[in-house]
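Colleague: First residue of the sequence shown? That's 928 in our numbering, and the numbers climb one at a time after it. Glycine included, every Cβ here is placed at the ideal spot set by N, Cα and C. Let me give you the structure first, and then I'll get to my questions.
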Amino acid sequence: MSLKPIGILGGTFDPIHNGHLRLAQEALEQCNLAAVRFIPSGTPPHRNTPYTNAQQRLDMVRLALQGNSAFTIDEREVHRNDPCYTVNTLTSLRTELGAQQPLCLLMGGDAFLLLHTWHEWKQLFELAHIVVMQRAGGRPLGNAMNEADTFLRSEYHARLAPAPRVLHESPAGTILVADMPALEISATDIRRRCAEGKSTRYLLPDAVADYIQSHQLYTQHANH
Ligand code: ATP
C-alpha cells in the first residue's frame, strides 16, 4: 500500500497570504497530497530578519489555516534563533515520519531558481521530492532553466517527473512542475500597504488582516 505524500511549505510568512494558501491548495489537489504542513521559519538563512516576532507570525499562520483540516502548522523552526536550514528540517521530518513516507517540498518557481544557493541543496533530493508551482502568465520554468545555474539545470533535467503519480511511487528524489493561477500578492507588498495605512483585505484571510490591524503590525516598514 502506498502512502500519500505530505506537502511541506516553508516560508517567513511575514505575513502569510493568499498566494501561499493557494499554492498549498493547488499542490494538495493536483498532487493528491495527504496534507500540507506549513513551517514558519525562525531566523531564516536566506532572508532578512522578520518584521514581526515568532509568536506573531505563528499566530497569523494559525489564523490563516483555521477551517482547513488538510493544512497543519509545524513549529519546529519558528522558535529557533539559529539559522534553520531546510535540509535539517527535512532530516528531522524524515526521522519522525519514516523512510517510506513520500515528502514533497513545495515552492514557487522564483524560489526554485535559487535552490542551488541553499545549504547542502543536493541532499534535499535524498529527503524529499520538490514540487514547483509555476504561476500562469509567468515565464515557464522550462524556459527559465536555460539560463539557470548549470548544476541546478542538470538536476532539473535528470529528476523531472512526468506526472504527479510519480510522487506517490517513491519517498523522494523527483521534481514535479505544476501550474497555478497567478496571484500577484507578496508579503513585501502587504507590509508596504500597512505602512501606508491602506487596507490589505482580500490579499490575505480576514482573520489575518484583522490581527495585523489590531496589533498594529508593519506600520513602520515601508518599501521592504
Ligand atoms: P516576501 O515578499 O517577504 O519576500 P513572499 O510573499 O514572497 O515574502 P515567502 O515567505 O518568500 O513569501 O514565500 C514562501 C513561498 O511561497 C516561496 O516558495 C514563494 O515562491 C511562494 N510564494 C510567495 N508568494 C506567492 C504567490 N503570490 N503565489 C505563489 N507562490 C508564492
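With respect to the alpha helix (DSSP H) encompassing Arg1118, which residues constitute its N-terminal and C-terminal limits?
Modeller: Residues 1114–1122.
Colleague: What do you get for Ser1081, buried or exposed, if any count of 16 or more other CB atoms within 10 angstroms of its CB means buried?
Modeller: Exposed, by the Cβ-count rule.
Colleague: Could you have a look at Leu885 and say whether DSSP puts it in helix, strand or coil?
Modeller: With the chain covering 928 to 1151 only, the question about residue 885 has no answer from this structure.
Colleague: By how many angstroms is the C-alpha of Arg1118 removed from the C-alpha of Ile943?
Modeller: Taking the straight line from one Cα to the other gives about 11 Å.
Colleague: Comparing alpha-carbon positions, which option in Leu1030, Asp1076, Arg1021, Gly1064 lies nearest Thr1044?
Modeller: Taking only the C-alpha atoms, the option nearest Thr1044 is Asp1076.
Colleague: From Arg1021 to Thr939, what distance separates their C-alpha atoms?
Modeller: For Arg1021 and Thr939, the distance between alpha carbons rounds to 22 Å.
Colleague: Looking at the unbroken alpha helix (DSSP H) that takes in Arg1128, where does it start and where does it end?
Modeller: Where Arg1128 is concerned, there is no enclosing alpha helix (DSSP H), given that its DSSP letter is neither H nor E.
Colleague: Just confirm the distance between the C-beta atoms of Gly994 and Leu1110, as a whole number of angstroms; I'd bet it's less than 8 Å.
Modeller: Actually they do not touch by this definition, with Cβ atoms about 19 Å apart.
Colleague: Under 6 Å from any heavy atom of the ligand ATP, does the C-beta of Ile1112 make it?
Modeller: At least one heavy atom of the ligand ATP is nearer than 6 Å to the Cβ of Ile1112, so yes.
Colleague: Which residue comes first and which comes last in the alpha helix (DSSP H) that contains Thr1013?
Modeller: Thr1013 -> alpha helix (DSSP H) spans 1013–1024.
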